[in-house]
Amino acid sequence: MVKAKMIYDPVVDSLFVYKEGSKIYGNISLGEIIVGFDKSLNVVSVEILNPDMLFNIPKKMLESAVSASLRWQGRKSLILIYIDLVFGNKEEMTIPITLPVEKALAVR
């Protein structure tokens, strides 16, 4: 699990979760989800457009998020990504993302 920073913009309804201090080397886009990787192919950021509609999370709840973390693991030709959010009322939520890739990656 990687402690991450997060930004939620309610005007454009975009949730951006990223590992602070990391540099994005490349992206994979899957519809309204954009995953950023560093040179070692580690997941360092995830942007979700319209998270309220995609994951049925109310905007007010997203606005109250106080912390986030990223977890990921490789499974053959899939990358499983989990965004863990903690909200102001101490409620927690995990957003699961399955990202298909053409060939297996060694995800660290």
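Residues 64 to 171, numbered by our numbering, are exactly what the sequence shown covers, in order.
Cβ coordinates follow ideal geometry from the N, Cα and C atoms, glycine included.
Keep in mind it's a predicted model, so treat the numbers as computed, not measured.
Item: Reduced DSSP category for Leu117 - H, G, I as helix; E, B as strand; rest coil; Value: helix
Item: Inter-residue Cα distance where the pair is Lys66 and Lys123; Value: 23 Å
Item: Every unbroken beta strand (DSSP E) within the region 94-139, with a cutoff of 3 residues, ordered by chain; Value: 96-100, 106-112, 128-138
Item: Spatial distance of Ile87 from Asn152 (CA atoms); Value: 32 Å
Item: Whole-angstrom distance between Ile97 and Met64, CA atom to CA atom; Value: 19 Å
Item: Same chain, Cβ closer than 6 Å to Leu30, neighbours up to 5 away in sequence not counted; Value: With the chain running from 64 to 171 in the structure shown, residue 30 is simply not present.
Item: Alpha carbon of Lys82 to alpha carbon of Asp147, nearest angstrom; Value: 13 Å
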